[in-house]
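Visitor: Residues 159 to 418 (the working numbering) are what the sequence shown spells out, left to right. The C-beta atom is built at its ideal place from N, Cα and C for all residues, glycine as well. Please see the structure below; I have some questions.
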Amino acid sequence: MNAAKQSVDVLWKKFLKTRGDVYRNALVEQYAPLVHIQAARLSRKLPAQISYDEICSAGYDGLIEAVEGYNPLRKAKFETFCQQRIIGAVMDWLRSLDPQSRTVRTFEKRRMSARELLDAELGRPPMHDEIAKRMGLSQDRYDQLSRISQLGREVHFSAMDPRDSGSRGRSSERAWDVGDPHQTDPSTRMARTMLTEFITRGLSREERLVLILYYYEDLTMAEIGVVLDLSESRVSQIHKDVIGRLRARFKDKLEEELVA
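Put into structure tokens, the structure is as follows:
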């Protein structure tokens with residue numbers, strides 16, 4: 159038994175004995191690659207607007223549940239037990255999103271169509287009650303769907319800043335904003351997402367996953383091949399082709415900026 163296996167076994171014994179958060183978090187970190195592997199596999203089957211990072215976030219919920227619910231006396235390997243929980247958590251997350259988002263998207267399309275028709279008929283922007291009537295909705299239902307739709311587009315920063323609440327004389331610092339040194343700074347995660355989207359724009363889903371798994375998740379070419387069901391040489395070729403194209407693309411942009 160190697161040292162890594164012994165270390166994991168010790169973590170499990172300590173967690174099962176104490177149920178302490180420290181040991182649970184250490185196990186979650188230990189098995190995090192399982193989330194990335196399942197997220198990459200699922201990402202190939204899901205629509206492009208569902209990002210790899212979002213799938214990972216849902217998958218971590220499943221991983222935490224798996225660690226907390228695992229019983230080694232049942233003789234099932236944790237990896238097998240865990241993968242089922244990860245996939246289940248992602249599916250639950252997708253199901254929780256889909257009904258509302260589909261309803262809201264349909265509402266937005268119908269509202270836009272009704273507004274355009276009424277605008278042409280009335281010669282002025284229609285009122286909300288006129289749009290609701292044209293759509294065949296009660297005013298309450300129309301207002302409810304409007305609020306849900308608006309939540310997806312607005313962020314009221316004034317609600318987050320005490321300086322806008324009329325509390326003059328108080329400290330302008332956010333007293334409730336307590337940092338956690340063990341968590342990733344949200345701005346770092348956002349910057350990573352924006353950079354990834356910028357760099358991989360125009361690439362296929364498969365090409366995007368090769369870059370993300372290699373540079374962000376530190377998987378080897380062989381491991382990526384297992385995840386994507388490709389040979390190691392094919393993964394290496396995809397990586398080489400993409401890097402060549404990216405170098406050419408950004409070299410041209412850099413030259414344009416220098417000339418400007």
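Could you tell me the alpha carbon to alpha carbon distance between Arg299 and Ser209, rounded to whole angstroms?
Guide: Numbered from 1 along the sequence shown, position 141 holds the residue referred to as residue 299. Numbered from 1 along the sequence shown, position 51 holds the residue referred to as residue 209. Looking at the two C-alpha atoms, the distance is approximately 31 angstroms.
Visitor: Does Met379 come out as helix, strand or coil in the three-state DSSP assignment?
Guide: For this step, residue 379 is matched to residue 221 along the sequence shown. Residue state, collapsed to three classes: helix.
Visitor: Assuming contact is defined by CB atoms lying nearer than 8 angstroms, are Leu192 and Ile213 in contact in what I supplied?
Guide: Here the question's residue 192 lines up with position 34 in the sequence shown. Here the question's residue 213 lines up with position 55 in the sequence shown. The answer is no: Cβ separation not under 8 angstroms.
Visitor: Identify, in the order they occur along the chain, each residue of the same chain with its Cβ nearer than 7 angstroms to the Cβ of Thr354, setting aside the five sequence neighbours on each side.
Guide: On the sequence shown, residue 354 is found 196 positions in, with the first residue counted as 1. Only Ile370 meet the Cβ criterion.
Visitor: Please state whether the Cβ-Cβ distance between Val225 and Leu276 is less than 8 angstroms.
Guide: For this step, residue 225 is matched to residue 67 along the sequence shown. For this step, residue 276 is matched to residue 118 along the sequence shown. No, they are not a contact pair.
Visitor: Use the C-beta contact count for Gly178: other C-beta atoms within 10 angstroms, 16 or more gives buried, fewer gives exposed.
Guide: Counting from 1 along the sequence shown, the entry for residue 178 is found at position 20. Classification for Gly178: exposed.
Visitor: Determine the extent of the alpha helix (DSSP H) in which Ser201 is found, giving its start and end residues.
Guide: Start at 1 with the first residue of the sequence shown, and residue 201 comes out as number 43. Note, Ser201: alpha helix (DSSP H), 190-201.
Visitor: Alpha carbon to alpha carbon, how far is Glu365 from Ala406?
Guide: For this step, residue 365 is matched to residue 207 along the sequence shown. For this step, residue 406 is matched to residue 248 along the sequence shown. In a straight line, the C-alpha of Glu365 is about 16 angstroms away from that of Ala406.
Visitor: Give the straight-line distance between the Cα atoms of Gln395 and Pro205, rounded to the nearest whole angstrom.
Guide: Numbered from 1 along the sequence shown, position 237 holds the residue referred to as residue 395. Numbered from 1 along the sequence shown, position 47 holds the residue referred to as residue 205. Going from the Cα of Gln395 to the Cα of Pro205 covers about 25 angstroms.
Visitor: How many Å lie between Lys203 and Ala380 at the Cα?
Guide: Residue 203 sits at position 45 when you count from the first residue of the sequence shown. Residue 380 sits at position 222 when you count from the first residue of the sequence shown. So the two alpha carbons sit approximately 21 angstroms from each other.
Visitor: Judging by CA-CA distance, which residue of Arg263, Asp219, Arg253 is the nearest neighbour of Asn242?
Guide: For this step, residue 242 is matched to residue 84 along the sequence shown. Note that residue 242 is Gln in the sequence shown, not Asn. Nearest of Arg263, Asp219, Arg253 to Gln242, Cα basis: Asp219.
Visitor: What number of angstroms, rounded off, separates the C-alpha of Pro283 from the C-alpha of Ala272?
Guide: Here the question's residue 283 lines up with position 125 in the sequence shown. Here the question's residue 272 lines up with position 114 in the sequence shown. Cα to Cα, the separation comes out at about 11 angstroms.
Visitor: Which value, in whole angstroms, describes the spacing of the CA atoms of Ala290 and Asp301?
Guide: Indexing the sequence shown from 1 puts residue 290 at position 132. Indexing the sequence shown from 1 puts residue 301 at position 143. Each residue's alpha carbon lies about 9 angstroms from the other.
Visitor: Glu274: which of Val262, Val384, Glu288 sits nearest, CA to CA?
Guide: If you number the sequence shown from 1, residue 274 lands on position 116. Closest by alpha carbon: Glu288.
Visitor: If you follow the alpha helix (DSSP H) that Arg359 is part of, which residue opens it and which one closes it?
Guide: On the sequence shown, position 201 is the one that residue 359 refers to. Here Arg359 belongs to no alpha helix (DSSP H), and DSSP marks it neither H nor E.
Visitor: The alpha helix (DSSP H) that contains Gln291, what's its start and end?
Guide: For the purposes of this step, residue 291 is taken as the residue at position 133 of the sequence shown. According to the sequence shown, residue 291 is Lys rather than Gln. That run of the alpha helix (DSSP H) goes 286-293.
Visitor: Given a threshold of 16 other Cβ atoms within 10 Å of its Cβ, counted over all protein chains shown, does Glu375 qualify as buried or as exposed?
Guide: On the sequence shown, position 217 is the one that residue 375 refers to. Label assigned to Glu375: buried.
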